[in-house]
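Student:
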Amino acid sequence: MSAWNPTVYSRNIPLECRNRLGSLRAEGHRILCVAFPPAGGNRWCIVTDKDVVPRNIPTECRDRIQTFRSEGHRILCVAFPPEGGNRWSVITDRDFFNRGVSQACHDRMRALRNDGHKIRWVAFPAVGNRWSILTDRDFVNQGVPAECDTQMKAFRDRKERVISVAFPMSPGLQLGGNRFSICTESGAFFNRDTPPGCHRVMRAMSHAGVGRTAMVGFHPGGGYVVVSDASPEGSAHPAMEDNGEVFSLTGLAEALRDQLDRKEVVKYGFVIRRGPALRAWASGPKRSVFDAPAADFSVFDCFNPASTTKTITSVALLQLLHARGLNVNARIWRWLPEDWTIPASVRTITVAELLNHRSGFREGDVTYAGLRKMVEAGIRPQDKTYCYKNPNYGLARILVAILSGRSPAVGTGPMLAATTALGFRSYCQENIFDRFGVPGVQWKPESEEPTLFYPNPPLPNSGTTYGDWTNRPGSAGAHLSLAELATFVSRLAGGDSLLPQPMRTAMEEGGLGWYRGGSGRGLRYEHGGFFPADRNGGAQLHSVIFGYANGVHGALVFNGINAEVGFDLTAAYDEAWQKPALRAVSRTRRITLIPVPERIEAMRGVPGWEEGVAAATAVPVLRR
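Numbered by numbering that gives the first Met the number 0, the letters in the sequence shown go through residues 0 to 623 in order.
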């Protein structure tokens, strides 16, 4: 079995715990609970539908879990009060056992049980004698943040049963304050002041189709685990048959994985979808051992996907045209800053020509000053043929900002540089990202532990984020995860929520940030992204977002060299169509790790190479 459904995401938790979560998911376990004792460090307990894995928890707690299991109980929840020591609570499908919890909490659990409730969950805020008990019918809170209690009651009023609640603990066990996370049986959740990225990952899981977000576990050091209790294999998708052959989303995932496993890449990942089904995979380091803390790449990690951002920019501009009753043949000069000197040649350029790279612009950069210089230099009429240039989409951001009314058309250069960039970003947030559930999109790397891209193999101090695009957005720079990019494509290609049908048709037929591709097996629209090695210290990125006309959508990225990778999406898609009998045959993965001695030799002589030798096995560079 391959665990195609990314049902677990963790950040800044103990490495052993993270690895064990990964192996359990790969073995088909559904994670039910992840708990961390308040002492922090490598102390944790993972509860699944098949097993319980404790590490450095109180001995009596571990023994009690074993006793319950030997008696046929199914463990549902383990929790640790903030006072630490030998204090804990174990809840099963038939009973519970407490040690060292407050007497009031214990007595209330007993009273609920005596009244016929089945205890299902308990959680403790970061201050003593405060708790939240969840049953199969209701909940009881004492001393939890007032907003938490209010939100839980609001869920109850809407007939949504709360199935988990958790309270972040600041490093050093400072007071928790108004910090909490609530998950319900329907998959709804509410967070307040959770650690960076936690809420966004939960949104991405929910909107990407992973399944119900069931619980969050908070590590005392500021880390967290987000868990969906959906099947790690992923759900089935609507049948699709053509000429006696059947399409398999799993088959496409296998073909993509096999292609990239055979190539020499540092990391890769993809998310593909059809209907309610999702298949995802990621391999390689988010950050290598040279950029502590080392971490594995995930489909929920944000990064700059390069020019795939252009599709987002195109949607923004086309939305505005539609809202104002305009079409793609509108002339762009009407929404350029009024103090720019606009030559007659530029006054001929249409929105369609700008977005399909037939504007005639040949030189320039994507900064405000560079765009002004480019426009004022004019174009040659004979140059209005296809020529892919990033400044076309840099200029599109200015059109979006002014056409939307979020930036004035009059002002000083520095002021308009700032207001057009801000106006574009805010428009995209409210009218694109918010519509598919992505809060607070940044156009720059995360401030803590951003995703890094490397030369091959990774070397000390060699990772790059490709920089800050806050003041030059449009052609690239929207920091999104693969899960979020795939959701964007599904919303764009699968309905009118982002763009009405007339504008989608214009986008597809005119190549407006969305190019036609595919084979006889299926028509698709796509846009790729590329950061070249020779401009980024050897760190090369390729990305692609794509949507097939039959409802197969996806996003993919790999960190490698194009000439050696030779990635072929069409071949992978075609391979996913097979006769039913052939599809039943299991596939064999072909993957060869570079031997450790070779990796060590490759690092020899590089400054700091000695420090990397001990961890060389953690650098997953793949070879043909």
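Here a beta-carbon is modelled for each residue, glycine too, at the ideal position from N, C-alpha and C.
No experiment lies behind these values; they were computed from the predicted model shown.
So, do the stretch 208 to 227 and the stretch 287 to 294 have three or more beta carbon pairs nearer to each other than 8 Å?
Tutor: Because the criterion of three Cβ pairs below 8 Å is not met, the stretch 208 to 227 and the stretch 287 to 294 do not touch.
Student: State the Cα-Cα distance for the pair arginine 10 and arginine 503, rounded to the nearest angstrom.
Tutor: Near 38 Å, if we compare the C-alpha coordinates of arginine 503 and arginine 10.
Student: For asparagine 18, which of helix, strand or coil comes out of DSSP?
Tutor: Note: asparagine 18 maps to helix in three-state DSSP.
Student: So is asparagine 242 buried or exposed if we call it buried at 16+ other beta carbons inside 10 Å?
Tutor: With fewer than 16 Cβ atoms within 10 Å of its Cβ, asparagine 242 is classed as exposed.
Student: For glutamate 253, which of helix, strand or coil comes out of DSSP?
Tutor: Helix, per DSSP.
Student: Taking Cβ positions, are proline 144 and asparagine 177 nearer each other than 8 Å?
Tutor: Closer than 8 Å, so yes.
Student: Return the bridge partner residues of aspartate 241 from the DSSP annotation.
Tutor: DSSP, once it has assigned bridges, lists Glu244 as partnering aspartate 241.
Student: Return helix, strand or coil for cysteine 32, following the three-state DSSP convention.
Tutor: Three-state DSSP puts cysteine 32 in a strand.
Student: Could you name the residues of the same chain whose beta carbon sits closer than 6 Å to that of serine 180, not counting the 5 residues immediately before and after it, in chain order?
Tutor: For serine 180, where only same-chain residues beyond five positions count, the Cβ hits under 6 Å are Ala165, Asn190, Thr193 and Val215.
Student: Consult DSSP for serine 489 and reduce its assignment to one of helix, strand or coil.
Tutor: Correct three-state label for serine 489: helix.
Student: On the criterion of 16 or more Cβ atoms from any shown chain inside 10 Å, does cysteine 386 qualify as buried, or is it exposed?
Tutor: With fewer than 16 other Cβ atoms within 10 Å, it is exposed.
Student: Quick one: Cα of arginine 199 to Cα of glutamate 574, how far?
Tutor: For arginine 199 and glutamate 574, the distance between alpha carbons rounds to 34 Å.
Student: Looking at C-alpha atoms only, which residue of Ala376, Ser344, Arg19 and Cys147 is the closest neighbour of proline 53?
Tutor: Ranking Ala376, Ser344, Arg19 and Cys147 by Cα distance to proline 53 puts Arg19 first.
Student: For tyrosine 547, does the three-state DSSP call read helix, strand or coil?
Tutor: In the structure shown, tyrosine 547 sits in a strand (DSSP, three-state: E or B).
Student: Nearest by alpha-carbon distance to valine 89: which of Gly83, Leu75 and Lys578 is it?
Tutor: The candidate whose alpha carbon is nearest that of valine 89 is Leu75.
Student: Pairs of beta-carbons, one from the stretch 375 to 389 and one from the stretch 341 to 352, closer than 8 Å: are there three or more?
Tutor: Yes, the stretch 375 to 389 is in contact with the stretch 341 to 352.
Student: Could you give the distance in angstroms between the alpha-carbon of alanine 315 and the alpha-carbon of serine 489?
Tutor: The alpha-carbon atoms of alanine 315 and serine 489 are separated by roughly 16 Å.
Student: Helix, strand or coil for threonine 684 per DSSP?
Tutor: Absent from the structure is residue 684, since the part of the chain shown begins at 0 and ends at 623.
Student: Provide the residue span of the beta strand (DSSP E) that contains phenylalanine 138, from first to last.
Tutor: 138 to 141 is the span of the beta strand (DSSP E), which, as asked, contains phenylalanine 138.
Student: Could you check the C-alpha separation between proline 579 and alanine 305 for me, to the nearest Å?
Tutor: Cα to Cα, the separation comes out at about 38 Å.
Student: Where does asparagine 625 fall in DSSP's three states?
Tutor: No information on residue 625 is available, as it lies outside the stretch 0 to 623 that the chain covers here.
Student: Express the C-alpha separation of leucine 370 and glycine 233 in angstroms, rounding to a whole number.
Tutor: Rounded to the nearest angstrom, the two C-alpha atoms are 46 Å apart.
Student: Is the beta carbon of arginine 396 less than 8 Å from the beta carbon of proline 336?
Tutor: For arginine 396 and proline 336, no; Cβs fall outside 8 Å.
Student: What number of angstroms, rounded off, separates the C-alpha of threonine 349 from the C-alpha of glutamate 507?
Tutor: Each residue's Cα considered, the two are about 17 Å apart.
Student: With DSSP as the reference, identify every bridge partner of asparagine 97, one or two as the case may be.
Tutor: Asparagine 97 is bridged to Ser88.
Student: How long is the line joining the alpha carbons of leucine 320 and serine 205, rounded to whole angstroms?
Tutor: In a straight line, the C-alpha of leucine 320 is about 31 Å away from that of serine 205.
Student: Do threonine 212 and serine 227 have their C-beta atoms closer together than 8 Å?
Tutor: In contact: threonine 212 and serine 227 (Cβ atoms closer than 8 Å).
Student: Which residues bound the alpha helix (DSSP H) around cysteine 147?
Tutor: It spans 145 to 156 - the alpha helix (DSSP H) in which cysteine 147 sits, taken as one unbroken run.
Student: Below 8 Å on the Cβ atoms is my guess for threonine 91 versus arginine 73; work out the distance and round it to an integer in Å.
Tutor: Contact holds; Cβ gap of about 6 Å.
Student: Out of Arg357, Ser518 and Arg273, which has the shortest C-alpha to C-alpha gap to leucine 511?
Tutor: That would be Arg357, whose Cα lies nearest to the Cα of leucine 511.
Student: Just to confirm the assignment, what range does the beta strand (DSSP E) spanning lysine 266 have?
Tutor: That run of the beta strand (DSSP E) goes 264 to 273.
Student: Residues bridged to tryptophan 576 by DSSP?
Tutor: Paired residue(s): Phe246.
Student: Between the stretch 62 to 70 and the stretch 32 to 42, are three or more C-beta pairs nearer than 8 Å?
Tutor: No, the stretch 62 to 70 does not touch the stretch 32 to 42.
Student: For threonine 569, name the three-state secondary structure that DSSP assigns.
Tutor: Helix at threonine 569.
Student: Do you know whose CA, among Glu362, Asp338 and Ser313, lies nearest leucine 353's CA?
Tutor: Leucine 353 has its Cα closest to that of Ser313, out of Glu362, Asp338 and Ser313.
Student: Distance, Cα to Cα, serine 163 vs glutamine 428?
Tutor: Looking at the two C-alpha atoms, the distance is approximately 30 Å.
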